[in-house]
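Residue numbers (the numbering used here): 3 to 223.
We treat Cβ as the ideally placed atom computed from N, Cα and C, and that holds for glycine.
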């Protein structure tokens with residue numbers, strides 16, 4: 003059995019009781035970064051064998067996971083933060099297992115997600131929204147912004163502290179001075195929520211020290 007298990011995006015208390023129960027019961031935990039997952043497990047006094055699985059994992063690693071599942075072992079897949087498979091390589095493993103091991107049950111263990119968290123406090127319509135993950139680093143950025151411009155409904159994307167200002171400036175040029183919500187370090191010690199026009203928030207952010215990852219929610223108008 004393969005559990006797709008959501009972990010906290012920051013505050014360690016945001017994990018569910020069911021998630022903790024699964025982490026204690028599985029044979030192995032597949033994790034993006036073993037150092038990050040160890041902190042979570044140590045906090046809850048869970049001792050478990052860890053297997054690294056990330057975007058650079060090779061076919062040999064995937065075959066090892068296939069072998070373990072074939073032996074009847076139970077595995078939990080976690081990312082560093084949030085729900086695996088959402089802007090995360092976990093989706094590739096789910097696809098592989100579903101196609102190559104159809105008898106293996108894939109079980110979602112829901113919990114925190116940065117995109118859902120940001121949308122919930124945005125104040126923008128969320129009955130329909132466009133989620134685009136992280137912007138491409140180089141090629142395709144203008145097409146990315148144009149997709150947000152023409153969406154016709156609330157849009158949301160992730161960005162890093164290294165590129166967020168550049169992204170906001172490019173978004174302004176492409177889509178105009180929209181209402182936006184910028185979420186920094188959600189659920190963590192330095193959590194900050196900025197609300198206002200794209201132009202004014204960009205200037206405000208220039209005065210701050212970029213920190214962690216950002217979730218940007220953009221109004222459709």
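The bridge partners DSSP lists for residue 182 are 198 and 220. Looking only at 185, 200 and 192, the smallest Cα-Cα distance to residue 176 is reached by 200. Look at the segment 92-159 and you find these whole runs of alpha helix (DSSP H), each 4 residues long or longer: 92-102, 116-122 and 143-151.
Distance from the CA of residue 155 to the CA of residue 143, rounded to the nearest whole angstrom, comes to 20 Å.
Using a 10 angstroms sphere on the CB of residue 203, the tally of other CB atoms reaches 16 or more, which defines it as buried. Here DSSP, grouped into helix, strand and coil, assigns residue 211 to coil. Residue burial annotation: residue 215 is buried, with at least 16 other C-beta atoms found within 10 angstroms of its C-beta.
Annotation for residue 172: 143 and 147 place their beta carbon closer than 7 Å to its own, counting only its chain and skipping 5 residues before and after. The Cβ atoms of residue 118 and residue 9 do not sit closer than 8 Å to each other. The distance from the Cβ of residue 67 to that of residue 25 is about 17 Å, inconsistent with a contact at the 8 Å cut-off. Cβ contact annotation for residue 30 (same chain, cutoff 6 Å, sequence separation greater than five): 51, 53 and 77, in chain order. Across the set 102, 42 and 111, the C-alpha of 102 shows the shortest separation from the C-alpha of residue 65.
Annotated three-state conformation of residue 67 is helix, per DSSP. Comparing alpha-carbon positions, the option among 112, 107, 45 and 48 lying closest to residue 18 turns out to be 112.
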